[in-house]
Amino acid sequence: MARAVSVQKKWTYTVLVWIVALLIFFPILWTILTSFKTEGDAILFPPAFFPPHWTLENFTEVQSRSDYFKHFFNSVVIAGGSTLLALIIAVPAAWSMAFSPTRRTKDILMWMLSTKMMPAVGVLVPIYLIFKNLNLLDTLGGLTIILMLINLPIVIWMLYTYFKEIPVDILEACRMDGAVLWKEIVYVLLPMAVPGIASTMLLNIILAWNEAFWTLNLTAAGAAPLTAFIASYSSPEGLFWAKLSAASTMAIAPILLLGWFSQRQLVRGLTFGAVK
Amino acid sequence: MGSIILRNVRKVFGEVEVIPNVDLTIEDGEFVVFVGPSGCGKSTLLRLIAGLEDVTSGAIEIDGVDVAKEPPARRGLSMVFQSYALYPHMSVRSNIAFPLKMAGVSRDVIDSKVEKAASTLNLTGYLDRRPGQLSGGQRQRVAIGRAIVREPKAFLFDEPLSNLDAALRGQMRIEITQLHQTLATTMVYVTHDQIEAMTMADKIVVLNAGNIEQVGTPLELYNNPANLFVAGFIGSPRMNLLTPPPPGRDGAATIGIRPEDIQLSTEAGEWPGKVRIAEHLGSDTFFHIDVDDVGAITARAPGEFALSAGDAVWMTPNPERIHRFDGEGKALR
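Top line first, the protein sequences correspond to chains S and P. Add 7 to a position in the first sequence, counting from 1, and you land on the number used in the numbering used here. Add 170 to a position in the second sequence, counting from 1, and you land on the number used in the numbering used here.
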């Protein structure tokens, strides 16, 4: 009897989870399906679920109209560069907060997190002006720096959480063994924190890849990443749903694949430290 | 060489004074054990010597050089931790080689030293394993191996055996003692286990609330405890401390008598009592005896002694083995 109940419960959960997952995934699926429709089929009412006439025309047109690979390259540089830069700054910061905390460490962590709660638009004008004066507008370097800055609090927080899990004894043993600070970090701390660092990197790449506010406001043509590439398809001439969908599909495909292949690492990373 | 001298060492954590003022001399080649109840500051004192904590004031001299301001890496000491603190991502070989690698020793020398340490510690077959694949005793051997390869001025041990089971602890105790005889290097060993202290030490330092209560050889402490704290702490079962002394044993605020210094008899003696609990260990028998006007007394009889709970018994203390203490707890000699 109890067994029957638990089987029933399991099935209910499975079905529920599938429904929720499909609901979340539906917009992405719809975008992908629409990208294979003709512009006419894309605005049919009632809508057709599967494309009545499958076509790749949208993709070729998108590539010829606005250079996909240039935007893709920009996205890779910005997401990758800001992630590397953030790690270089965050590793020592998280190290010092995790292993030699002071009375104010907790407050500093909270303060860093609080900067994420401020609406970005609040600092748009000052940052725009700073970028303008420093000639950073529409440059890959400028975008890399700004995306590194906005994600830095999260990177530090995540690394801090991972580092806290590493027994202090091991680092002390390392000091007794004659290691100076940088050797301690390179030979012992980083190898032990590899899973945590990997998931932090992944999350940061995804966040930077998807970031639209700053990338749209601080770029024109030169440094525009894929977010700007998508946005260029909502034009004054009206929306071309199929082409917009094709552009979106091409923009999200790399990060979707990356997320798909590293989902195990990502889930482990995000729940790490929650259960000890 | 590896003499360690502490001069006026003081350590304060925030508002708490953990070590008020310690002076101590550890001779080259000595095996010194810091012992005391938990929270007495023994581990802190070891960490101050190691350099893992900074002294608030005072000097720590190793071979005559004050190293109080030097980082751990520059003090030339090795440490074995309670948790072993092995590097989980490295093989046993790399773990043992790590201090040599940090010192910039050449590959060939590293290999030969690691092989030598491994054979000393019976680890030769395990060199390519990870620490996670070893038993507790093997892990502790790797930790010791990592400590000995760089031939330090002194070894520091922070309760290295407390994570091991009783049988293994006995065995490792002997191995560490043998290691000390072979290497003849200074060893400073922290423990709360007085059996380890008594069996391994050349010199025991008894600590209480950050202060040194007494320094001496194991038998000096056992036979001539300087105060009530040492008298009660060293020896198992602990010394019977009687305050005030029973009639006829005046001249002191407290007298102490060890369980084995009490003669038991079923016929006659100084104090009559009744057995509350009898513990028969085979080699010895411990009796917990209630005595009117005196209180509870523990007595030890060698071998089998046929008494059980509820039996009447007479006790006579060996007058030459009675310890006398004044009102402040200091021994009267």
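Ideal Cβ positions, reconstructed from N, Cα and C, are used throughout, including at glycine.
Segment limits, alpha helix (DSSP H) that includes Pro202(S): Start at 1 with the first residue of the first sequence, and residue 202(S) comes out as number 195. Pro202(S) -> alpha helix (DSSP H) spans 201–217.
Which of helix, strand or coil DSSP assigns to Phe268(P): As a working mapping, residue 268(P) is identified with position 98 in the second sequence. In this structure, Phe268(P) counts as helix in the three-state DSSP scheme.
Backbone secondary structure at His60(S) - three-state DSSP: In the first sequence, counting from the first residue as 1, residue 60(S) sits at position 53. In this structure, His60(S) counts as coil in the three-state DSSP scheme.
Reference Trp61(S), options Gln70(S), Pro54(S), Ser73(S), Ser42(S), closest by Cα: Start at 1 with the first residue of the first sequence, and residue 61(S) comes out as number 54. Of Gln70(S), Pro54(S), Ser73(S), Ser42(S), the residue nearest in Cα terms is Ser42(S).
One or two residues paired with Ser484(P) in a DSSP bridge: Here residue 484(P) refers to the residue found at position 314 when the second sequence is read from its first residue. It is Trp, not Ser, that sits at residue 484(P) in the sequence shown. BP columns for Trp484(P) point to Ser435(P), Pro442(P).
Residue from Met183(S), Ile153(S), Trp37(S) whose Cα sits closest to the Cα of Tyr135(S): One-based indexing of the first sequence puts residue 135(S) at position 128. Looking at the Cα atoms, Ile153(S) is the closest of the given residues.
Counted within 10 angstroms of its Cβ, other Cβ atoms place Met125(S) as buried (16 or more) or exposed: Numbered from its first residue, the first sequence carries residue 125(S) at position 118. Its Cβ having fewer than 16 others within 10 Å, Met125(S) is exposed.
Beta carbon proximity, Lys123(S) to chain P, threshold 8 Å: To locate residue 123(S), count along the first sequence from 1; it is residue 116. No, Lys123(S) lies away from the interface with chain P (no Cβ there is under 8 Å from its Cβ).
Beta-carbon proximity check, Arg244(P) vs Ile232(P), cutoff 8 Å: As a first step, residue 244(P) must be located in the second sequence, where it is residue number 74. As a first step, residue 232(P) must be located in the second sequence, where it is residue number 62. In this structure, Ile232(P) does not lie closer than 8 Å to Arg244(P) by Cβ.
Pair within 8 Å by beta-carbon distance, Leu502(P) and Arg494(P): For the purposes of this step, residue 502(P) is taken as residue 332 along the second sequence, with counting starting at 1. For the purposes of this step, residue 494(P) is taken as residue 324 along the second sequence, with counting starting at 1. Against a cut-off of 8 Å, the Cβ pair of Arg494(P) and Leu502(P) comes out as a contact.
Contact list for Tyr257(P) against chain S, beta-carbon separation under 7 Å: The residue labelled residue 257(P) in the question sits at position 87 within the second sequence. The contacting residues are Ile177, Val195.
Identified DSSP bridge partners for Glu383(P): Sequence index remark: in the second sequence, residue 383(P) carries index 213 (1-based). In the DSSP output, where bridge partners are listed per residue, Glu383(P) has none listed.
Nearest neighbour of Pro388(P), chosen from Glu321(P), Glu329(P), Gly199(P), Phe204(P) [CA to CA]: As a first step, residue 388(P) must be located in the second sequence, where it is residue number 218. Nearest option by C-alpha distance: Phe204(P).
Helix, strand or coil at Val250(P) [DSSP, three-state]: Walking along the second sequence from the start, residue 250(P) turns up at place 80. Correct three-state label for Val250(P): strand.
Beta-carbon proximity list for Gly280(S), same chain, < 8 Å, skipping 5 on both sides: Taking the first sequence and counting its residues from 1, one reaches residue 280(S) at position 273. Per-residue confidence for Gly280(S) stands at a pLDDT of 45, beneath the threshold of 50, marking its modelled position as unreliable; the derived number appears in the next sentence. Closer than 8 Å at Cβ, skipping near neighbours: Thr168, Tyr169, Lys171, Glu172.
Residue burial classification, Gly274(P) (beta-carbon count within 10 angstroms, cutoff 16): Taking the second sequence and counting its residues from 1, the one referred to as residue 274(P) is at position 104. Exposed, because fewer than 16 other Cβ atoms sit within 10 Å of the Cβ of Gly274(P).
Beta carbon of Ile459(P) nearer than 8 Å to that of Val358(P): Mapped onto the second sequence, residue 459(P) falls at position 289. Mapped onto the second sequence, residue 358(P) falls at position 188. Result no, Cβ atoms of Ile459(P) and Val358(P) do not sit closer than 8 Å.
Per-residue burial, Asp48(S) [other beta carbons within 10 Å of its own, 16 or more giving buried]: In the first sequence, residue 48(S) corresponds to position 41, counting from 1. It counts as buried.
Given 8 Å, three or more beta-carbon pairs between the stretch 212–223 of chain P and the stretch 394–409 of chain P: no
7 Å Cβ cut-off: residues of chain P touching Ala186(S): Translated into the one-based positions of the first sequence, residue 186(S) becomes position 179. Chain P residues near Ala186(S): Ala243, Met272.
Chain P contact for Pro108(S) (CB, 8 Å cutoff): Mapped onto the first sequence, residue 108(S) falls at position 101. Chain P, which has no Cβ nearer than 8 Å to the Cβ of Pro108(S), makes this no.
Own chain, CB closer than 8 Å to Asp463(P), minus 5 neighbours either side, in chain order: Reading the second sequence from its first residue, position 293 is the one you call residue 463(P). Excluding sequence neighbours, Asp463(P) sits near Pro416, Pro417.
Inter-stretch contact (C-beta, 8 Å, three-pair minimum) for the stretch 93–102 of chain S and the stretch 72–83 of chain S: no
Gly465(P), enclosing beta strand (DSSP E) - first and last residue: For the purposes of this step, residue 465(P) is taken as residue 295 along the second sequence, with counting starting at 1. Run containing Gly465(P): 465–472, per the beta strand (DSSP E) assignment.
Whole-angstrom distance between Thr468(P) and Glu440(P), CA atom to CA atom: Start at 1 with the first residue of the second sequence, and residue 440(P) comes out as number 270. Start at 1 with the first residue of the second sequence, and residue 468(P) comes out as number 298. Whole-angstrom Cα-Cα distance: 15 Å.
Contact with chain P by Leu23(S), beta-carbon distance below 8 Å: The residue given as residue 23(S) occupies position 16 in the first sequence. Leu23(S) does not count as touching chain P.
Of the listed residues Val195(S), Cys181(S), Met119(S), Leu144(S), nearest to Pro160(S) (C-alpha basis): Stepping through the first sequence from its first residue, residue 160(S) is reached at position 153. When only C-alpha atoms are compared, the closest one is Met119(S).
Pair within 8 Å by beta-carbon distance, Arg309(P) and Tyr254(P): By one-based count along the second sequence, residue 309(P) stands at place 139. By one-based count along the second sequence, residue 254(P) stands at place 84. Cβ atoms of Arg309(P) and Tyr254(P): closer than 8 Å.
Below-8 Å beta-carbon distance, Phe268(P) vs any chain S residue: If you number the second sequence from 1, residue 268(P) lands on position 98. By this cut-off, Phe268(P) is an interface position.
Of the listed residues Leu150(S), Glu46(S), Gln70(S), nearest to Leu225(S) (C-alpha basis): Looking up residue 225(S) in the first sequence gives position 218. When each option's Cα is compared against that of Leu225(S), the closest is Leu150(S).
CA nearest to the CA of Thr290(P), picked from Pro301(P), Phe268(P), Ala317(P): Taking the first residue of the second sequence as position 1, residue 290(P) is located at position 120. With distances taken between Cα atoms, Thr290(P) lies closest to Ala317(P).
For Met368(P) and Leu411(P), the rounded distance between their alpha carbons: Taking the second sequence and counting its residues from 1, the one referred to as residue 411(P) is at position 241. Taking the second sequence and counting its residues from 1, the one referred to as residue 368(P) is at position 198. Whole-angstrom Cα-Cα distance: 21 Å.
Length of the line joining the Cα atoms of Ile192(S) and Phe201(P): Locating residue 192(S) in the first sequence gives position 185, where the first residue counts as 1. Locating residue 201(P) in the second sequence gives position 31, where the first residue counts as 1. Those two C-alpha atoms are separated by around 34 Å.
8 Å Cβ cutoff, Met249(P) in contact with chain S: Position 79 of the second sequence, counting from 1, holds the residue named residue 249(P). Yes, contact with chain S.
7 Å Cβ cut-off: residues of chain C touching Pro202(S): Among the protein chains in the structure shown, which are S and P, there is no chain C.
Range of the contiguous beta strand (DSSP E) that encloses Ile50(S): The residue given as residue 50(S) occupies position 43 in the first sequence. Per DSSP, Ile50(S) belongs to no beta strand (DSSP E) and is neither H nor E.
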